[in-house]
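Chemist:
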Amino acid sequence: MSTSETAAVPGTALGTAPVIGAGLGLEPRVGVVGADVPRQIVLACGAVPARILGSWTGAVSQESTELLGATDAVAARVLNEILSGAHDELAGLVVCNDSMADLRVYYVLRILAERGRVPFPVHFLDAPRGGGDHRRRFVSHQYERLAAFTSGITGHQADATSLAGAAAREAELGAALEAVRGRRREGVLSGTTALTAYRAAAQLSPEDALERITDLVRSETLDRGASEPVERDGSAEPAAAGVPVYVTGSSHPDATVYTELEAAGAIVVGEDHDAGDAAWIGDTVTAATLAEACAVLAARHAARPPAAARSLSSERTDHLLAETERCGAAGVVALVRDLDDGPVWDLADHRPALAGRNLWLAEQLRVPAGGVQDAAAGILHTLSQNVNRKDAP
Amino acid sequence: MAATRHQKEWFQTVRQRAAAGEPIALVNADAPHEVFRALDIPYVVTQWWSSIIAAKQAGPASMERLAAGGLPDFSLQYDAMPLGEQDLPDEDRPWDGLPAPRFAVAERSGDVTAKIFEQWGNRPGTETFLLSRTGADPVPDRWWELVPHQWEQAFGTERLDLLQGEIQDLIAWLEERTGRTLDYGRLAEIMALGNQQAEWNRRTRDLIATTRPTPVLVNDTMPAVMSPQWQRGTQWAVDAARSLYEETAERVDQGIAVCPGERKRLMWVGRGLWSDLGLYTRFQEEFGAVFVWSMYLAIAADGYLRYGDDPVRALAARFVGITDQLYVPPWSSQWYVKEALTHGVDGVVHLVADDTPGSGFITEALKAEGIPVLEIRANNADQRSSSAARIPERIAEFIRHRV
């Protein structure tokens with residue numbers, strides 16, 4: 001029997017911070033580590049999915065480091081946040097098997113939950129990539145388990161009505177993000193703002209996220225870039241001005257690097273990581289039953305953009321080439337954190353493919369836990385050189 | 394020695410069959426090897442081949458070849474090393490080199506195994522097939538008691554359904570490419586031989602656990618177990634496992650001790666240090682400290698037994714959680730504690746690799762039983778990493794002050 005089935009479900013009585021939903025009353029928040037949760041299911045079961053994304057910066061306790069072993073620093077920060085009580089208001093936590101780092105987070109939390117170290121039940125969502133009938137059936141069953149877990153927290157079973165309600169809320173959020181993507185393509189909206197919008201969509205209720213996204217878009221449209229001043233490397237600024245760049249490599253849990261790039265004048269026009277354009281937000285299905293919804297969402301999962309940790313390099317490269325063309329990117333930026341090796345193997349395929357399209361690649365590999373500023377400076381330096389070579393008059 | 398000699402001879406037959414145009418396969422350790430045996434497709438196990446490359450001191454050069462090809466030389470070296478070996482000059486290739494495989498088959502462990510095997514598929518004449526790797530959920534207690542017969546309970550029906558379905562797909566994929574047809578009766582025989590082999594390994598492991606002083610060296614049992622492991626499902630492998638037991642029993646009867654003045658019994662948790670097997674005997678003379686345990690015999694004793702009428706489902710059960718048994722807490726920690734207690738060890742050296750999760754819980758569980766643990770973080774196959782970790786010096790210090 002799994003831990004998630006045996007662990008106590010605290011419900012809303014143990015400090016859950018409820019949010020106001022659209023007609024569903026008070027909704028508990030369910031934390032999500034990883035990018036494989038079909039949000040419609042969670043919403044239909046009466047909870048709000050809230051991604052825990054971690055960050056580029058910040059200390060990690062010795063305990064978290066030792067529990068996880070040699071692991072991507074962002075995953076270590078996620079564990080650190082959870083163990084330090086930063087998410088104690090959650091009613092439950094779902095951890096996805098979407099990377100080895102997140103899988104390790106789950107294994108650690110499963111044991112610590114049994115020991116009472118976290119005040120909410122921990123659930124495992126295993127959604128293998130790659131498609132095919134066997135995987136689809138497995139993923140569909142996993143989604144049904146996710147629904148059972150969420151319903152155990154909320155007391156609300158998903159049915160046709162709640163699935164439709166969740167679909168409407170999620171679709172509206174998806175439309176707002178699509179509008180953000182459109183504004184970004186037009187050059188009206190920065191990558192920093194887009195990433196912030198994605199973060200809001202991943203962490204807030206659909207209604208709160210919509211409000212936040214509307215504010216972000218309005219703010220940037222009125223006074224573009226002024227809302228988030230950053231310290232910048234002045235020497236790199238002029239050379240990179242106005243260059244549309246696409247971001248691959250490790251995920252960006254926050255906009256630290258985007259702000260550096262855009263402060264130097266570059267524009268992040270798109271990305272393939274799961275905190276940005278590859279975030280699974282806004283996808284919904286029409287279904288009469290939960291089982292039907294899970295089956296169709298499992299099929300949708302198989303068609304999602306390829307992920308650095310769990311997809312083939314060839315799939316990743318095909319996607320990258322299509323996206324850089326769609327976004328009109330002049331080049332590609334790849335920061336890869338130390339111990340996040342999936343993207344490193346992709347880069348071996350990316351390099352010749354990008355060169356074949358006359359796209360430059362600025363890469364920083366094995367970025368250490370405290371090394372994001374240096375890595376960003378290195379990227380800016382490379383960017384400057386590339387811009388001077390190809391795009392400067 | 395006999396096992397190693399056989400392995401060398403076997404490898405040359407693989408080379409000869411490949412040279413004659415037969416398809417051969419490269420598979421990772423957790424792929425369903427028995428399918429290839431039943432289809433009479435010779436296969437080489439990635440991790441075994443990496444250990445040969447490392448033991449022949451060709452690891453660094455192989456990794457340099459990877460780097461020269463734009464691939465990382467710092468990532469999952471144990472799986473990646475054979476890719477680099479393919480590009481070494483002929484004179485530098487261990488045992489004259491691995492022939493280009495027709496098939497490269499792996500399960501998607503971690504974040505990069507699939508990508509490494511995808512690289513094999515990019516080489517001329519090689520096609521890749523990848524199986525799913527699901528997470529360890531559920532994890533009932535004391536897996537070693539459940540997995541031989543109650544594997545549905547141990548691993549969960551959905552995980553088994555997925556892998557069973559994919560093994561059926563693999564069989565069809567291989568049949569289509571080779572023009573052969575799998576004989577399911579033959580597969581059942583191969584599964585039964587694998588079980589017999591594991592039963593002999595259990596007897597050997599249990600005998601060593603209860604014998605003081607220890608009768609055999611771990612650096613002898615490691616190859617003596619692993620060479621037959623990669624021949625699993627053959628009568629030769631059953632006989633080799635039986636011989637290991639009989640030789641061990643004979644040594645016990647004769648009162649032969651590896652370290653006659655045995656004072657400290659040590660356990661080696663983690664992969665073998667193949668590039669320096671002499672390490673395991675280095676502490677006997679000065680400290681009377683002898684390594685009595687490695688995972689190779691122990692997992693061969695507990696990890697592979699699967700009894701069942703449907704050979705494909707039993708095969709799925711054999712591989713769906715093999716890595717979980719070794720590395721996923723609480724399964725891993727429970728098992729290491731069980732083994733430490735039954736073997737009566739005085740201290741544990743725990744080699745923590747980059748790609749193994751939950752190591753802290755293993756150390757914690759052992760310490761909770763009052764057993765001192767030395768954690769060393771290093772890659773077992775990459776000499777650059779193991780040298781930097783100062784392993785011999787740290788073990789000596791550990792024995793001197795903490796055991």
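As you go down the protein sequences, you meet chains A and B in turn. For the first sequence, counting from 1, position 181 maps to 181 in this note's numbering; every step adds exactly one. Count along the second sequence from 1, then add 393; that gives the number in this note's numbering. Ideal Cβ placement from N, Cα and C applies to all residues, glycine included. These numbers come from a predicted model, not from an experiment.
(1) Tell me whether the region 323-333 of chain A and the region 289-298 of chain A touch, counting them as touching only if at least three CB pairs, one residue from each stretch, are closer than 8 angstroms.
(2) List, in order along the chain, the chain B residues whose C-beta lies closer than 7 angstroms to that of Ser313 of chain A?
(3) Within its chain, find whatever has a CB closer than 8 angstroms to the CB of Ala782 of chain B; leave out the 5 residues flanking it on each side and keep chain order.
(4) Note down the Cα distance separating Ala263 of chain A from Leu189 of chain A, rounded to an integer number of angstroms.
(5) What residues in its chain sit with their C-beta under 7 angstroms from that of Gln590 of chain B, if we drop five residues either side in the sequence?
(6) What does a CB cutoff of less than 6 angstroms around Phe712 of chain B pick up in its chain, not counting 5 residues either side in sequence?
(7) Is it buried or exposed, Asn594 of chain B, if we count other Cβ atoms within 10 angstroms and call 16 or more buried?
(8) What's the C-alpha gap between Gly265 of chain A and Val180 of chain A?
(9) Less than 7 angstroms separating the beta-carbons of Ile560 of chain B and Val705 of chain B?
(10) State the start and end residues of the unbroken alpha helix (DSSP H) segment that holds Cys628 of chain B.
(11) Is there a C-beta anywhere in chain A that falls below 7 angstroms from the one on Pro765 of chain B?
(12) Let me see if you follow: with CB-CB separation under 7 angstroms, is Thr406 of chain B close to chain A or not?
(13) Shortest alpha-carbon distance to Ser384 of chain A belongs to which of A:Ala369, A:Gly371, A:Ala362?
(14) Just the chain A side, please: which residues come within less than 8 angstroms of Ser353 of chain B by C-beta, in chain order?
(15) Nearest CA to the CA of Asp576 of chain B: which residue from B:Trp403, B:Glu427, B:Ala758?
(16) For Asp318 of chain A, return the contacting residues in chain B, with the cut-off set at a CB-CB distance below 7 angstroms.
(17) Exposed or buried, Glu679 of chain B, counting other C-beta atoms within 10 Å across all chains shown (16 or more means buried)?
(18) Using the beta-carbon of each residue, which ones in chain B are nearer than 7 angstroms to Ala348 of chain A?
(19) In this structure, what does DSSP give as the bridge partners for Gln364 of chain A?
(20) Note down, in chain order, each residue of its chain lying with its Cβ closer than 6 angstroms to the Cβ of Gly23 of chain A, except the 5 sequence neighbours on either side.
(21) CB-CB under 8 angstroms to Gly514 of chain B, same chain, minus the five flanking residues each way: which ones, in chain order?
(22) Please report the distance separating the alpha-carbon of Gly378 of chain A from that of Leu93 of chain A.
(23) Could you tell me which whole beta strand (DSSP E) segments of length 3 or greater appear in the region 58-113 of chain A?
(24) Helix, strand or coil: how does DSSP classify Val372 of chain A here?
(25) At the level of alpha carbons, what is the spacing between Met1 of chain A and Gln409 of chain B?
(26) Of the residues that make up the region 352-371 of chain A, which ones have a beta carbon closer than 9 angstroms to any beta carbon in chain B?
(27) Give a yes or no on whether the minimum CB-CB distance between Glu592 of chain B and chain A is below 7 angstroms.
(28) Just the Cα atoms here: how many angstroms apart are Phe791 of chain B and Asp318 of chain A?
(29) Please classify Asn358 of chain A as buried or exposed, where buried requires at least 16 other C-beta atoms within 10 Å of its C-beta.
(30) Output the distance between the C-alpha atoms of Gly130 of chain A and Thr674 of chain B, rounded to the nearest integer angstrom.
(31) Per DSSP, what kind of secondary structure is Lys508 of chain B in: helix, strand or coil?
(32) Exposed or buried, what is Leu26 of chain A when buried is set at 16 or more other beta-carbons lying within 10 Å of its beta-carbon?
(33) Tell me whether the region 503-512 of chain B and the region 341-353 of chain A touch, counting them as touching only if at least three CB pairs, one residue from each stretch, are closer than 8 angstroms.
(34) My parser needs the alpha helix (DSSP H) runs of 4 or more residues fully inside the region 545-583 of chain B; what are they?
(35) Would you identify the three-state DSSP class for Val532 of chain B, choosing helix, strand or coil?
(36) May I have the straight-line CA-CA distance separating Val745 of chain B from Leu109 of chain A, to the nearest angstrom?
Modeler: Looking at the coordinates:
(1) no
(2) Lys508, Glu511
(3) Ile769, Arg770, Ala771
(4) 14 angstroms
(5) Pro621, Arg625, Ala630, Val631, Ala634
(6) So the qualifying residues of the chain are Asp423, Pro425.
(7) By the neighbour-count rule (16 or more Cβ atoms within 10 Å), Asn594 of chain B is buried.
(8) Computed Cα separation, rounded: 20 angstroms.
(9) yes
(10) In the sequence as displayed, the identity of residue 628 of chain B is Gln instead of Cys. 628-646 is the extent of the alpha helix (DSSP H) around Gln628 of chain B.
(11) no
(12) It does not: the Cβ of Thr406 of chain B has no partner Cβ on chain A nearer than 7 angstroms.
(13) A:Ala362
(14) No statement about residue 353 of chain B is possible, as the shown extent of chain B runs from 394 to 796 and does not include it.
(15) Put simply, of B:Trp403, B:Glu427, B:Ala758 the residue whose alpha carbon is nearest the alpha carbon of Asp576 of chain B is B:Glu427.
(16) Per Cβ cutoff of 7 angstroms: no residues; Asp318 of chain A is ~13 angstroms from chain B at best.
(17) exposed
(18) Gly463, Leu464
(19) A:Leu335
(20) In this prediction, Gly23 of chain A has a pLDDT of 46, which is less than 50 and means its spatial position is unreliable; what the coordinates show is noted afterwards. Nothing listed; no residue qualifies.
(21) So the qualifying residues of the chain are Ala497, Glu520, Thr521.
(22) 37 angstroms
(23) As far as the region 58-113 of chain A is concerned, its whole beta strand (DSSP E) runs of at least 3 residues are 92-96.
(24) Looking at Val372 of chain A - three-state DSSP - the assignment turns out to be helix.
(25) Reliability of the predicted coordinates at Met1 of chain A is poor, the pLDDT of 34 falling under 50, and the value obtained from them is presented with this limitation in mind. Each residue's alpha carbon lies about 49 angstroms from the other.
(26) Pro352, Leu365, Arg366
(27) Interface annotation, Glu592 of chain B: not in contact with chain A, CB-CB separation never under 7 angstroms.
(28) Between Phe791 of chain B and Asp318 of chain A, the alpha-carbon positions lie close to 51 angstroms from each other.
(29) Result: exposed.
(30) 46 angstroms
(31) Of the three classes helix, strand and coil, the one that applies to Lys508 of chain B here is helix, per DSSP.
(32) exposed
(33) yes
(34) 550-571
(35) Residue state, collapsed to three classes: coil.
(36) 20 angstroms
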